[in-house]
Amino acid sequence: QAQVIITNHHLLLNALELGFAGERLVPPAPIYIIDEAHHVEQIATSVFEVAVTDYTVEQLLTRGLFREHLADDEIDELRYLNTLAFQAIANSSNENAFQVEGDIEEILRLSGALGKLGERMKSNNPYRAAVEQAAQQGVRP
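Numbering-wise, our numbering puts -4 at position 8 of the sequence shown, and it's gapless, one number per residue.
Okay, here's the thing in structure tokens:
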């Protein structure tokens, strides 16, 4: 049983995302020393963020990590879809808080585009092979 683990922030966060299966990548330990820890916040946000607002989508698109993998026209398209999606929500009611009934087409388009971006980023993950191998060998997620 390791008492101290020295690891890279990407590897640690991907192991955490996998849950139990991630223990094959990075086993539990009382102390972790994280290489390049100054990137942990940015990478952790990209790995675990699920809340979506027009602001979070814009922040996502300005991160260097995404700008490295997206062409300017792709970023512009995502910004456009973001604007349409949240305008559609704002135009749905005059109330500050309200329940959305049914699907909003603009949200579905934005969600689909962000989902494709997420898959693309996962496929570009430098630890993808190790993550997939752990998932295949892991008993449960």
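Glycine included, each C-beta is placed from N, C-alpha and C at the ideal position.
query                                                                                                                : result
I92, DSSP secondary structure in three states                                                                        : coil
Proximity winner among L13, Q30, H(-3), relative to A122 (alpha-carbon distances)                                    : L13
Residues of its chain near E24, where Cβ-Cβ distance is below 7 Å and the 5 sequence neighbours each way are ignored : N(-4), H(-3)
S80 to E94 span [Cα, whole Å]                                                                                        : 12 Å
Own chain partners of A76 with C-beta closer than 8 Å, once the 5 adjacent residues on each side are dropped         : I92, E93, E94, I95
Beta-carbon proximity of L69 to L98, cut-off 7 Å                                                                     : yes
Spatially closest choice to I31 from F54, T41, D42, T71, by CA coordinates                                           : F54
Sub-7 Å separation of I(-6) and A17 beta-carbons                                                                     : no
Reference V119; option with closest CA among V88, E62, H26, A3                                                       : A3
E83 beta carbon less than 7 Å from that of V35                                                                       : no
Through-space distance from A117 to L49, alpha-carbon basis                                                          : 26 Å
V35, enclosing alpha helix (DSSP H) - first and last residue                                                         : 28 to 36
C-beta atoms of A39 and P15 nearer than 7 Å                                                                          : no
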